[in-house]
DNA sequence: CGTTGGATTGGCT
DNA sequence: GCCAATCCAACGC
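In structure tokens:
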């Protein structure tokens, strides 16, 4: 087993997204499916978003889509994009704030066969290495928007084994065209399960 | 109501 | 490296 199996509590998420994002590295994302399957992934890449940040969905204020992001911490914010993909975030900060951490990649640890079936490939590096891949591998979609990671029965984040700061790398975020001055993408250095997404060049 | 483009991925050149 | 896929939220008129 990889570290502690204890669940992260509300307090963990009730902090600024920029603190939570690197602290999520090495933690275990777990889903129990209705069929009783257990899916586990070790988080290796995250990105922080917040309200005063032009790259964030919450930047333009509360909307039906971003409602969950402004809600209490420790819930899942799932959004649909490019007409075909879902991505998942962990809501952070205080209730009313509008900040979250995008889960971008994980190392699959349990339930690989199930993930492979959902993803249409069995290459472990292609199962959860990318935000939409991760959501697809875990079977997370619209129905999970708002799910409680702290008290809910289906999804949780376990303590796992946090990654020491010396192994955390920081870059600009992937796929955004604004907010490039904010280097809020965090990943485990040299980890093979990090996504291939290449961040845009930071401003000089 | 019509338009625009997106916190991506996979397949093809 | 480039681009299509495919829906829909957000915004402007």
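In the working numbering, the protein residues as written are 1484 to 1687. Heads up, the beta-carbon is just placed ideally off N, CA and C, and yes, glycines get one too.
Between residue 1584 and residue 1531, the gap from beta carbon to beta carbon is short of 8 Å. Residue pairing by DSSP places residue 1490 opposite 1641 in a beta bridge. Spatial neighbours of residue 1551 in its own chain (CB-CB distance under 7 Å, excluding positions within 5 residues in sequence) are listed in chain order as 1558, 1560, 1574, 1628, 1629. DSSP, reduced to helix, strand and coil, places residue 1612 within a strand of the structure shown. Pairing residue 1652 with residue 1672, the inter-Cα distance amounts to about 6 Å. Secondary structure of residue 1600 (DSSP, three-state): helix. In the DSSP assignment, residue 1500 falls outside any beta strand (DSSP E) and within the unbroken alpha helix (DSSP H) covering 1500 to 1506.
Spanning the alpha carbons of residue 1546 and residue 1507 requires a straight line of approximately 27 Å. DSSP, reduced to helix, strand and coil, places residue 1543 within a helical segment of the structure shown. Here residue 1525 carries a strand assignment [DSSP, helix/strand/coil]. Boundaries of the beta strand (DSSP E) around residue 1670: 1668 to 1671. For residue 1567, the number of other beta carbons within 10 angstroms of its own is below 16, and it is reported as exposed. The C-beta separation of residue 1637 from residue 1510 comes to about 17 Å, leaving the pair out of contact by the 8 Å criterion.
Secondary structure note for residue 1562: its beta strand (DSSP E) is the uninterrupted segment 1559 to 1564.
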